[in-house]
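The sequence shown runs 97 to 643 under our numbering. Glycine included, every Cβ here is placed at the ideal spot set by N, Cα and C. Please read all numbers here as calculations on a predicted model, not as lab measurements. Here is the structure we will look at.
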Amino acid sequence: MDASAKEDKAERGQAAYITPLSTTPESEAATEDEIRELEHVAARLPARVWLAATIGMAERFAYYGTQSLFQNYLQNGPDDLIPGAMGLGKSHATTVNLAFTVAVNLLPLPASILVDGRLGRYKALQIFTGIYALGSAILFGTSFPSEMRSGVALIGFILGSILIAVGLGGVQASVQPFIADQYTEQAMRIRIRKNGQRVVESRELTIQYIYNVYYWMVNVGSLGSIATTLMEKYIGFWSAYLLDLCAVVLAVVIVHLARPKFVYPVPQGSALPRAARCLWYAARGGFSLDAARPENQLEKYQRVVPWDKEFISELRRALSAFKIWYFSPISIPGVASNGSSIGWPIFWVCMGQGAQVSISQAGQMETHGIPNDLIKSSNPVAYVIFGVLVQKQLYPFLQRRKICFSPVNRISLGFFIMSVAMAYSAVVQAIIYRSGPCYSHPLSCAASGSRTPNQVHVLLQLPTFVIIALAEVFCWPTGSEYTYSHAPKSMKSILQACYISTAGVGYLLGMALSPLARDPLLVVLWSVTAGMMFMTAYAFRIAFRKY
Numbered sequence: 097m098d099a100s101a102k103e104d105k106a107e108r109g110q111a112a113y114i115t116p117l118s119t120t121p122e123s124e125a126a127t128e129d130e131i132r133e134l135e136h137v138a139a140r141l142p143a144r145v146w147l148a149a150t151i152g153m154a155e156r157f158a159y160y161g162t163q164s165l166f167q168n169y170l171q172n173g174p175d176d177l178i179p180g181a182m183g184l185g186k187s188h189a190t191t192v193n194l195a196f197t198v199a200v201n202l203l204p205l206p207a208s209i210l211v212d213g214r215l216g217r218y219k220a221l222q223i224f225t226g227i228y229a230l231g232s233a234i235l236f237g238t239s240f241p242s243e244m245r246s247g248v249a250l251i252g253f254i255l256g257s258i259l260i261a262v263g264l265g266g267v268q269a270s271v272q273p274f275i276a277d278q279y280t281e282q283a284m285r286i287r288i289r290k291n292g293q294r295v296v297e298s299r300e301l302t303i304q305y306i307y308n309v310y311y312w313m314v315n316v317g318s319l320g321s322i323a324t325t326l327m328e329k330y331i332g333f334w335s336a337y338l339l340d341l342c343a344v345v346l347a348v349v350i351v352h353l354a355r356p357k358f359v360y361p362v363p364q365g366s367a368l369p370r371a372a373r374c375l376w377y378a379a380r381g382g383f384s385l386d387a388a389r390p391e392n393q394l395e396k397y398q399r400v401v402p403w404d405k406e407f408i409s410e411l412r413r414a415l416s417a418f419k420i421w422y423f424s425p426i427s428i429p430g431v432a433s434n435g436s437s438i439g440w441p442i443f444w445v446c447m448g449q450g451a452q453v454s455i456s457q458a459g460q461m462e463t464h465g466i467p468n469d470l471i472k473s474s475n476p477v478a479y480v481i482f483g484v485l486v487q488k489q490l491y492p493f494l495q496r497r498k499i500c501f502s503p504v505n506r507i508s509l510g511f512f513i514m515s516v517a518m519a520y521s522a523v524v525q526a527i528i529y530r531s532g533p534c535y536s537h538p539l540s541c542a543a544s545g546s547r548t549p550n551q552v553h554v555l556l557q558l559p560t561f562v563i564i565a566l567a568e569v570f571c572w573p574t575g576s577e578y579t580y581s582h583a584p585k586s587m588k589s590i591l592q593a594c595y596i597s598t599a600g601v602g603y604l605l606g607m608a609l610s611p612l613a614r615d616p617l618l619v620v621l622w623s624v625t626a627g628m629m630f631m632t633a634y635a636f637r638i639a640f641r642k643y
């Protein structure tokens, strides 16, 4: 099918599913004066946005519910005080857990090439949610006590986790841009509030709102980890994995049954080969995208290239987004500026410590009957609360006063807050090491019989997850919003996958730090991550202060 036929098909597909705009005065186009003078607000979201976000919520319910069990499942044996399956020990379990997380966050890159080039985001969701469900079914079927003792659980974990990672890779490359695809209005429009006030509906603020809604729903979904950790403790791993399987099946059902409601542009072929060739010509021309412009290539090399000026402009915007994620000391004229860190990956190193090492830290404390992997469920609860306050109170307050709280400002603030969370965790770990009976070697001294934790209440760990949640509110939605807004139409899944890959890079860095994830070095581990995050936040703010 040639390009023009694909465009015609895309237009027909969108025409079938996009609700026409209202012709009431509330939807009249805003004039330049109104855009300049009136308050800007987010538009009301169509139902299909909420449906698409529900797919993401169900998928995240399953992911967090499953992944939150992995540390105990891998670290402890079936007969240990804290239940488990594999008995690999803390260091090996942390490494395997991080390896799984790295795979989940790097696989969107190859998946995104298929999504943008051949499958399209809707068809990709159909396929990859099915693969995800199959992996979850295998993990559930091999998590019974009899399978743990016979060794089948190990085989099931390997096969199930591989399928889950592949499924997640495709879903993550698709679902975030798919959600924003469901809002199709491009123009600024006037809305009249009940009190008669005229406001301007801004696409930029609406996309920001969509991703804040999405991450809010994601964190509502991740509350499923509370249920799974309790089920793990009082019933068994099989019951927790069954609940996660049901969540994935719900996502599959929504994807298929809500098809008539969705907008799903037809894929127009991957832009990646053209982008790679364009960047190669730019590099040969002195690392300048202007050197790859069609007229310059024709004049200097008598070469006709398969792109136009608009493609160069879109690629420059894409590289601008890439710089925000990784900001390196490499400078591309007209695109990048000097930086001194790798930004988002450092943020994800901290997220990895909060997700994995903190579970082991809680196991060293007196839990008073609370499962050691339950405390971190306070993180999504805090996110749900902070998310509403920030979106409904802080952002409108700043908007009414015309205070610019740009994406860079939001991300910088989130980075600084994350460094505070890591520093607090270092303090908690130091308190654990100063407490008996085992001091710097919890659960492993003769006095405790390898069973008694140090005399520190596990609720001391609670502020860590609350502070992390506040950092996430400013960072997560902003990253996705910035990525979608700066990505060319034919590269939205690829750019989203590149953004997600920063998590994979971060978790790889976390694996490099895993030798420190043991007693008595955990204070050093938390302190190093706090220092790295603080320096990253400072460098990021300086590098992009003009954005």
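Please name the residue or residues paired with residue i in a DSSP beta bridge.
i: R287; result: V295
i: E462; result: H553
DSSP three-state label for residue i, please.
i: V262; result: helix
i: V137; result: strand
i: H553; result: strand
i: A148; result: helix
i: I426; result: Its pLDDT being 34, under 50, I426 is placed unreliably by the model, and the measurement read from it follows with that caveat. Three-state DSSP puts I426 in coil, outside helix and strand.
i: A125; result: strand
i: E281; result: coil
i: F501; result: coil
i: R641; result: coil
i: W572; result: helix
i: L341; result: helix
i: W403; result: coil
i: F358; result: coil
i: K212; result: The identity of residue 212 in the sequence shown is Asp, whereas the question assumes Lys. Three-state DSSP puts D212 in a helix.
i: Y169; result: helix
i: G382; result: coil
i: T324; result: helix
i: R132; result: helix
i: P179; result: coil
i: H537; result: coil
i: K102; result: Confidence at K102 is low in this model, with a pLDDT of 44, below 50, so the placement of that residue should be treated as unreliable; the coordinate-derived value is given next. Helix, per DSSP.
i: T579; result: helix
i: S508; result: helix
i: R389; result: coil
i: F196; result: helix
i: S118; result: Residue confidence is low: S118 scores 36 on pLDDT, short of 50, so the model does not pin down where it sits. Its coordinate-derived value is still stated next. S118 falls in the coil class under three-state DSSP.
i: L605; result: helix
i: P273; result: helix
With 16 as the cutoff for other CB atoms within 10 Å, does residue i come out buried or exposed?
i: Q282; result: exposed
i: K585; result: exposed
i: V646; result: With the chain represented from 97 up to 643, any question about residue 646 goes unanswered, as that position is not in the structure.
i: Y169; result: buried
i: C500; result: exposed
i: W376; result: exposed
i: Q293; result: exposed
i: T115; result: Bear in mind that a pLDDT of 36 at T115, under 50, signals an unreliable position, so the model cannot answer this.
i: L494; result: exposed
i: K186; result: buried
i: V620; result: exposed
i: H568; result: Before going further, note that residue 568 is Glu rather than His in the sequence given. Flag for E568 reads buried.
i: A432; result: Caution is warranted here: a pLDDT of 39 is assigned to A432, below 50, making its placement in the model unreliable, and no coordinate value can be reported.
i: I638; result: exposed
i: V145; result: buried
i: E328; result: buried
i: N291; result: exposed
Please work out which residues of its chain come closer than 8 Å, Cβ to Cβ, to residue i, disregarding the five sequence neighbours upstream and downstream, and give them in chain order.
i: Q551; result: E462, S531, G532 and P533
i: A371; result: L411, A414 and M587
i: R389; result: K405 and I408
i: L215; result: I223 and P363
i: I527; result: V552 and L556
Near residue i, which residues of its chain fall below 6 Å by C-beta distance, leaving aside the five closest residues on each side in sequence?
i: C571; result: I507 and G510
i: G450; result: I564
i: E128; result: none
i: T238; result: V248, A249 and G252
Please go through the same chain and pick out, in chain order, the residues whose beta-carbon is closer than 7 Å to the beta-carbon of residue i, but skip the five residues on each side of it.
i: A37; result: What is shown of the chain runs 97 to 643, which leaves residue 37 out entirely.
i: A599; result: N201 and W444
i: V267; result: E155, L221, F224, T225 and Y228
Any Cβ of chain D within less than 8 Å of the Cβ of residue i?
i: A593; result: The structure shown contains no chain D, having only a single protein chain.
**OP:** Taking 8 Å as the threshold, find out whether the segment 151–163 comes into contact with the segment 216–235 through three or more Cβ pairs.
**Re:** Result yes; three or more Cβ-Cβ pairs closer than 8 Å.
Original post:
Can you find at least 3 beta carbon pairs, one from the segment 299–312 and one from the segment 271–279, that sit closer than 8 Å?
Top reply: Contact between the segment 299–312 and the segment 271–279 is present, with at least three C-beta pairs closer than 8 Å.
Original post:
Are three or more beta carbon pairs between the segment 260–275 and the segment 195–209 nearer than 8 Å?
Top reply: With the rule of 3 Cβ pairs closer than 8 Å, the segment 260–275 counts as touching the segment 195–209.
Original post:
Contact between the segment 310–327 and the segment 170–184: three or more CB pairs below 8 Å?
Top reply: No contact exists between the segment 310–327 and the segment 170–184.
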